[in-house]
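The structure appears below as C-alpha cells.
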Amino acid sequence: MTTTAPRIIPTFKGPAGQEDMPYLLTPGPLTTSRSVKLTMLADWGSRDIEFRQIVADIRKALVKLANCGPAYECVIMQGSGTFAIEAALGSFCPSSGTKTLVVANGAYGDRAANILERIGRPCLKIDKGDSAAPSTEEVASALDADPGISHVWMIHCETTSGIVNRIDDVAKAVKERGRVYMVDAMSSFGALPLDMEASGIDVMVSSSNKCIEGVPGFSYVLVRRDMLEASKGKCHSLVLDLFDQWRGLEANGQFRFTPPTHALVAFHQALKEHEQQGGVAARGNRYARNAQILIKGMQDMGFTTLLGDDEAGPIIQTFLTPRDPNFDFEQFYESLRARGFAIYPGKLTKRPSFRIGTIGQIDDKVMNAVLEAIGDVLREMKVTDLVPLEA
Ligand SMILES: *Cc1c(COP(=O)(O)O)cnc(C)c1O
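Structure follows, in C-alpha cells:
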C-alpha cells in the first residue's frame, strides 16, 4: 500500500503494508493490524442485512466483554469517545434536584465536568490535579457530606498521565451509598479487566480506536436497560440522545443517521482478533510487557517517569522532560518520527513531559526498537543530562 503524501522512509520499517509510515505510540488512533485495515476495502450499505448483523454482533460482543448480564444494553454512537461521554452525561445525569460528582485527576475528568457545566447539569468536582490518585475514602466522604449527589463519574485509566484509578474500590463505596456509578473506561476497556455487573458499574463508555484496536469513528455506551428506559426525553441533544439511538437500533438494526460503516466492519474484525489472541488477559499482558520494556529501558538511559511503578498502568507512560538545554521536544519528536515512531506530547499542566503509548498492534520488538531510536536521537541532539526540569 502506498501513501499519497511523500514520506520519510523510517529506519525501522513501519507496520505491515505501510512500511513507510511510523508506528503510532499514541493512545488512539493507534496502529491496527493489516487484516483490520483490509476489511475497509469494501463499501457496505447501511441497510444491508449483513451489515445490520455485524452491528448486532458488535453490540452483543461488547456486552459480553464487559461481563454484563441481560439487564444491560449496548448503544453505539457515531463520533469519537467524547461523543459517547457527552451522550451519557446528557442522557443520565440530573438537570435539577440532585447533582453529579466528577472524580477528576487529569484532562478527561476536567472535560467531563466541562461538558456537564456546558449542558447545564449540576456538577461537583473532586480535583486531584494532573496525576494524583483519588482515594476511596475521599469519594465516600464527599458522598456522605452531600446527600444531593446522585451520580458519580470516574475515569478508569486517566490517559493524561496513564494512571489507573481504583474503580472497583470506589464502586463499592458508591453502591453502598445507593448512588449511580458511571465510568469512562475509554483507554482501558479490552485490556484491563472490567466486571461491570459484579462491580456495580451502571454506565461505561469506550470507543472504537483504543484497546480493541479498531479505527476511529464511533464510541459506545454500556448501560442498565432500566436507566436507558428512564432516560427517554432527557437528553439535551437530538443526535446524542441514547434512548432514541437505542430505539432505532432495536427497531430495525439501523442507525438513525449515517453510520461509519467502514469503522464498524473494521471493529468487528478487531473484536474477532481480540478473542483469537486470548481476550482481555492476553491483550493486557502484551501491553504490560510493552510498558515494562519501555519503562526499564528509559530508566536505564536516565529518564524519570511521572508515576510510581505501582501506579502506572500498561496503556501510556509519561516521562519528565530532561533539563539538558540541548533537549528540544520538537526535534526529539521529528527525529523519532523519521525513525518510524510517532510519540505523544505531554498534557500535564504543571510538569513538562512527554508520553509514549504502549497499546495497539505493537510488541516487544517495537518497544526495543523505539528505545534504540531514542538513544540515537539523544546522541544526535547531544543530550546527556536526563535529570528532569524542575516543576
Ligand atoms: C481517548 C479518551 C477519551 C476520548 O477522547 P476522543 O478524542 O473523543 O476519542 C476519553 N477519555 C479517555 C480517558 C480517553 O483516553
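Under our numbering, the first residue of the sequence shown carries the number 11, and numbering increases by one thereafter. Note that beta-carbon positions come from the ideal geometry of N, C-alpha and C, so glycine has one too.
Using 9 Å as the threshold, is the C-beta distance between residue i and residue j below it?
i      : j      : result
Lys242 : Phe228 : no
Val149 : Ala183 : yes
Cys245 : Leu202 : no
His402 : Met196 : One cannot answer for residue 402 here, as it falls past the ends of the chain, which runs 11 to 401.
Ile68  : Cys84  : yes
Ser363 : Thr394 : no
Ala322 : Ile173 : yes
Asp140 : Arg361 : yes
Leu111 : Thr368 : no
Pro80  : Pro226 : no
Ala114 : Val215 : no
Pro332 : Val397 : yes
Ser42  : Gly350 : The sequence shown places Thr at residue 42, not Ser. Not a contact, by the Cβ cut-off of 9 Å.
Cys103 : Met206 : no
Rank the options by C-alpha distance to the C-alpha of residue i and give the top, closest one.
i      : options                           : result
Gly200 : Met164, Glu283, Gly172 and Val149 : Glu283
Phe93  : Arg361, Ala301, Ser217 and Ile177 : Ser217
Gln63  : Gly288, Leu274, Glu390 and Ala52  : Leu274
Asp320 : Pro104, Glu29 and Ala298          : Ala298
Ser45  : Asp156, Gln279 and Ser209         : Gln279
Lys109 : Gly89, Leu134, Ala123 and Tyr118  : Leu134
Lys357 : Leu72, Glu340, Arg189 and Thr170  : Thr170
Gly89  : Thr268, Met50 and Ala348          : Thr268
Glu186 : Lys392, Ser209 and Met308         : Ser209
Gly158 : Arg131, Ala97 and Gly79           : Arg131
Leu281 : Tyr33, Ile222, Ile325 and Ala81   : Ile222
Glu400 : Glu344, Pro335 and Leu381         : Pro335
Ala117 : Leu75, Gly100 and Met164          : Met164
Leu75  : Phe351, Arg293 and Val397         : Arg293
Phe337 : Thr359, Glu390, Leu72 and Met237  : Glu390
Ala52  : Ala276, Phe339 and Asp374         : Ala276
Arg235 : Trp54, Phe22 and Val73            : Val73
In the DSSP assignment, what residue or residues form a beta bridge with residue i?
i      : result
Leu330 : Ser363
Arg266 : Partner(s): none; Arg266 has no beta bridge.
Cys167 : Val174
His161 : Thr110 and Val190
Met214 : Val193 and Leu232
Thr41  : DSSP lists no partner for Thr41.
Thr315 : Phe329
Tyr354 : Arg365
Determine, using beta carbons only, whether residue i comes closer than 9 Å to chain C.
i      : result
Gln287 : Among the chains in the structure shown there is no chain C, since it carries only a single protein chain.
For this session: Give, in chain order, every unbroken run of the beta strand (DSSP E) that is at least 3 residues long and sits entirely within the stretch 43-98.
Result: 82-88
Only counting runs of 4 or more residues, tell me where the alpha helix (DSSP H) segments fall wholly within the stretch 362-401, in order along the chain. 374-391
If we require 3 or more residues per run, which beta strand (DSSP E) segments fall completely within the stretch 122-147? 133-137
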